[in-house]
Amino acid sequence: MSFKYDLTQLQNREQLINFLGLSKDVFEDVLDFDPTGSNFSQFSEKESSLIELPLFFRHEIPKKNRQRGYRTVWEPTFLKSPYKALARRLNNFFAHKLEGFPHAQTYGYISGRNIRENAQNHCGHTHLVSIDLEDFFPSIKASRIATFLRTTGITPTVADLVSRFVTIEGSLPLGLPTSPTIANAICLPMDIELEALAQKLGATFSRYADDISFSSDGTFPSLRELMACIRQHNFEIAEAKTRTSKLGQAHYVTGLSVSDPAQPHVPRKKKRRLRQELYYADKYGLDDHLHHVGLGNSRFAQQEINRLDGLVKFTAHHEPRLSAHLKTTWAKILQTSGHRPSFAPKNQHRLPFYIYIDEAEYARPSGDRLLALAMAVSQHQEQINRATQDLLETTLSDVWAAGNLDAIAKKGVHFSDATEDMRLAYIDRMRLLPFEGYVAMARLPSAADYEVVYLRLLNAMIKRRLMAAESQFANLVFEENSKVRQEAIRKTVTDTYDALRESNNRHPEYCSVEFAGKPNFGLSIPDFLLGVLGKYLTVGPQQDGKPAARYVLLFERLRDKYRLILDVDNWVEYTRRRPIIPW
Numbered sequence: 001m002s003f004k005y006d007l008t009q010l011q012n013r014e015q016l017i018n019f020l021g022l023s024k025d026v027f028e029d030v031l032d033f034d035p036t037g038s039n040f041s042q043f044s045e046k047e048s049s050l051i052e053l054p055l056f057f058r059h060e061i062p063k064k065n066r067q068r069g070y071r072t073v074w075e076p077t078f079l080k081s082p083y084k085a086l087a088r089r090l091n092n093f094f095a096h097k098l099e100g101f102p103h104a105q106t107y108g109y110i111s112g113r114n115i116r117e118n119a120q121n122h123c124g125h126t127h128l129v130s131i132d133l134e135d136f137f138p139s140i141k142a143s144r145i146a147t148f149l150r151t152t153g154i155t156p157t158v159a160d161l162v163s164r165f166v167t168i169e170g171s172l173p174l175g176l177p178t179s180p181t182i183a184n185a186i187c188l189p190m191d192i193e194l195e196a197l198a199q200k201l202g203a204t205f206s207r208y209a210d211d212i213s214f215s216s217d218g219t220f221p222s223l224r225e226l227m228a229c230i231r232q233h234n235f236e237i238a239e240a241k242t243r244t245s246k247l248g249q250a251h252y253v254t255g256l257s258v259s260d261p262a263q264p265h266v267p268r269k270k271k272r273r274l275r276q277e278l279y280y281a282d283k284y285g286l287d288d289h290l291h292h293v294g295l296g297n298s299r300f301a302q303q304e305i306n307r308l309d310g311l312v313k314f315t316a317h318h319e320p321r322l323s324a325h326l327k328t329t330w331a332k333i334l335q336t337s338g339h340r341p342s343f344a345p346k347n348q349h350r351l352p353f354y355i356y357i358d359e360a361e362y363a364r365p366s367g368d369r370l371l372a373l374a375m376a377v378s379q380h381q382e383q384i385n386r387a388t389q390d391l392l393e394t395t396l397s398d399v400w401a402a403g404n405l406d407a408i409a410k411k412g413v414h415f416s417d418a419t420e421d422m423r424l425a426y427i428d429r430m431r432l433l434p435f436e437g438y439v440a441m442a443r444l445p446s447a448a449d450y451e452v453v454y455l456r457l458l459n460a461m462i463k464r465r466l467m468a469a470e471s472q473f474a475n476l477v478f479e480e481n482s483k484v485r486q487e488a489i490r491k492t493v494t495d496t497y498d499a500l501r502e503s504n505n506r507h508p509e510y511c512s513v514e515f516a517g518k519p520n521f522g523l524s525i526p527d528f529l530l531g532v533l534g535k536y537l538t539v540g541p542q543q544d545g546k547p548a549a550r551y552v553l554l555f556e557r558l559r560d561k562y563r564l565i566l567d568v569d570n571w572v573e574y575t576r577r578r579p580i581i582p583w
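When you line the sequence shown up against the UniProt record's numbering, it's residues 1 to 583, in that order.
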């Protein structure tokens with residue numbers, strides 16, 4: 001049973017801010033954001049780290065047809081996680097509130113759907129019409145979003161505030177994680193009508209974001225009918241990009257050829273160019289080939305290697321028949337040249353990362369024991385320390401506080417010693433704190449296997465965390481543990497760091513490893529992540545119609561802080577899109 005986020009319960013500004021897990025000041029700053037004052041893309045990355053960090057970065061991305069100018073994409077800086085959390089919750093809310101959401105023939109920005117599935121609908125059909133919506137996201141205005149949200153039962157006050165929070169300059173922007181979900185929800189009535197028009201004539205309809213496709217072996221709705229329906233739903237067609245084709249002509253849907261009735265294919269021109277590039281790189285060597293095409297500069301050469309690697313993977317995915325040959329040839333080229341795909345460090349000017357690591361043991365209902373390792377990652381450790389210290393001092397100074405205050409004073413904010421009131425208070429603080437949580441767990445066969453399993457969990461997580469911690473400095477603080485040798489932990493981290501550096505992959509400029517015991521303000525975060533997760537996993541299956549168990553609700557408060565929960569035994573990654581459920 002998935003947890004239902006009911007936004008109709010929110011009645012006012014304060015409740016919405018609490019729901020978003022933001023401070024009031026940050027929320028107000030987002031609503032007041034005015035991009036006309038500064039174009040943040042004018043600063044170099046190094047310069048931008050020396051000024052006050054803006055709420056959003058603006059990127060101007062050239063359109064495929066350069067004559068059509070640039071596409072503006074907005075990137076949230078420190079608000080990326082709250083926006084992703086809101087997107088997931090809105091998607092959950094719409095799925096329960098809007099019948100048929102997401103529409104079965106909508107493929108863009110929907111988990112489990114992709115360009116290949118979208119194109120598959122139209123394979124082998126004689127006639128094809130492709131329509132692009134003009135300025136898809138920006139054409140959806142804040143007033144329209146607010147009106148739509150009110151139709152779902154959200155109060156006018158909250159609907160207005162949400163519409164302002166998810167828009168920039170009054171429009172739905174490209175780049176914010178909330179934009180696709182809102183756009184798909186607003187498009188639902190249009191999608192239903194367009195599919196009905198298609199079905200009436202035995203045609204096929206699908207939409208991928210702003211790309212609408214109709215195909216048929218006979219007739220399909222006239223362009224006049226389609227345009228009338230689209231305009232009725234307050235969208236405009238980019239008439240210059242409307243295309244019609246017949247079988248035997250360039251028959252493309254979302255970049256894939258649909259001429260073959262069996263399956264979509266990568267366009268022949270793209271495959272031909274890839275085969276040619278691999279042929280020359282194999283015959284003359286990758287370095288000579290890159291030099292010949294004018295990419296001898298090491299930085300541009302690495303970008304080209306990364307591009308080729310991506311193209312090989314893309315083509316191999318969509319062309320299973322060619323997959324083995326492409327992958328084998330590319331692997332041989334890389335091995336001979338000594339090159340590899342790599343994304344060189346470019347953000348080592350950023351503020352240091354602090355990574356605190358704690359561990360816990362869980363017991364499954366079957367009796368199997370698991371070892372879990374949690375990492376809490378932040379660039380704002382002082383803020384976390386202050387919040388944790390404040391809760392500790394408030395608890396210890398409260399003459400009516402319940403619980404074992406001696407144990408709390410000795411171990412600090414520690415999940416197993418905290419009272420239920422203290423747990424709730426700290427969890428509410430954690431929702432507002434700037435960190436990301438990562439957990440890995442695996443079966444612990446016996447006490448003798450403890451160190452082996454611990455290091456296995458650490459190995460499963462450390463590379464990605466060091467790459468993501470690309471900055472001036474990464475400081476890893478492990479809880480002291482007599483069951484694992486400190487030199488073994490240090491070697492695992494050092495070996496991974498050295499490998500990243502030697503391969504010129506993303507990594508922090510410097511890295512250190514420390515060990516600390518409780519009490520430690522930094523270790524309180526991973527300790528609580530493990531404690532809440534352990535309670536949640538063991539509450540048992542939840543029944544529909546019954547009130548949610550306490551630790552289901554507490555976990556849901558923190559769910560968006562768990563960026564990844566990894567089952568190392570089965571290598572299953574639980575994320576926002578694939579939520580973990582109780583055992």
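Every residue, glycine too, gets a C-beta built ideally from N, C-alpha and C.
- The Cβ-Cβ distance between GLY108 and ASP211 falls below 9 Å.
- Taking C-beta atoms as the reference points, ILE305 and PRO264 fail to come closer than 9 Å.
- Here ASN520 is buried. Its C-beta has 16 or more other C-beta atoms within 10 Å.
- The Cβ atoms of GLY153 and LYS64 do not sit closer than 9 Å to each other.
- When DSSP assignments are scanned along the segment 127 to 158, the uninterrupted stretches of alpha helix (DSSP H) that are 4 or more residues long and fall wholly within it turn out to be 142 to 151.
- LEU290 and LEU373 do not touch by the CB rule: their CB atoms are close to 41 Å apart, not below 8 Å.
- Counting C-beta pairs with one atom in each stretch, the segment 361 to 381 and the segment 430 to 444 have three or more that are closer than 8 Å, which means they touch.
- By the Cβ rule, the segment 277 to 284 counts as touching the segment 325 to 341, because three or more pairs are nearer than 8 Å.
- The three-state reading of DSSP puts GLY534 in helix, counting H, G and I together.
- DSSP places ASN118 within a helical segment (H, G or I) once states are collapsed to three.
- Three or more beta-carbon pairs separated by less than 8 Å are not found between the segment 495 to 512 and the segment 393 to 406, which leaves the two stretches without contact.
- Secondary structure note for ASN475: its beta strand (DSSP E) is the uninterrupted segment 473 to 479.
- Segment contact: the segment 123 to 139 against the segment 201 to 221, three or more CB-CB distances shorter than 8 Å; contact assigned.
- With 16 or more neighbouring CB atoms inside 10 Å of its own CB, ALA360 falls in the buried class.
- Sequence-distant Cβ neighbours of PRO365 in its own chain, meaning closer than 7 Å and more than five residues away, are TRP583.
- Per DSSP, the unbroken beta strand (DSSP E) holding ILE212 starts and ends at 211 to 216.
- Per DSSP, the unbroken beta strand (DSSP E) holding PHE205 starts and ends at 204 to 208.
- If you check the CB distance, LEU174 and PRO138 come in under 9 Å.
- Shown here for SER482: not one same chain residue has a beta carbon closer than 6 Å to its own, the five before and five after excluded.
- Contact between ALA119 and THR254 holds, with the beta-carbon distance rounding to 5 Å and staying under 8 Å.
- Excluding five sequence positions before and after LYS411, the CB atoms of its chain that fall closer than 6 Å to its own CB belong to ASP417, LYS518, PRO519, given in chain order.
- Boundaries of the alpha helix (DSSP H) around CYS229: 223 to 232.
- ILE182: member of the alpha helix (DSSP H) spanning 178 to 200, first to last residue.
- Residue nearest to THR126 within the set VAL258, THR388, GLN383, MET467 is VAL258 (criterion: CA-CA distance).
- LEU334 and LEU466 have their C-alpha atoms spaced approximately 24 Å apart.
- A residue is called buried once 16 or more other Cβ atoms fall within 10 Å of its Cβ, and SER524 is buried on that count.
- Here HIS103 is buried. Its C-beta has 16 or more other C-beta atoms within 10 Å.
- Each of SER23, VAL158, HIS318 was checked against the Cα of GLU117, and the nearest Cα belongs to HIS318.
- When DSSP states are grouped into helix, strand and coil, HIS265 belongs to the strand group.
- If you draw a straight line from the Cα of LEU286 to the Cα of LEU564, it comes to about 37 Å.
- Proximity to ALA87 across ASP29, SER163, LEU530, LEU351 peaks at SER163, based on C-alpha coordinates.
- With respect to GLY540, ARG423 sits apart: the two C-beta atoms are not nearer than 9 Å.
- Judged by beta-carbon spacing, LYS80 lies within the 9 Å limit of PRO177, meaning their Cβ atoms are closer than that value.
- Spatial neighbours of THR336 in its own chain (CB-CB distance under 6 Å, excluding positions within 5 residues in sequence) are not present.
- Non-local C-beta neighbours of VAL552 in its own chain, meaning closer than 8 Å and more than five positions away in sequence, comprise PHE3, TYR536, VAL539, GLN542, PRO582, ordered along the chain.
- In the assembly as shown, VAL377 is a buried residue. Its beta-carbon has 16 or more other beta-carbons within 10 Å.
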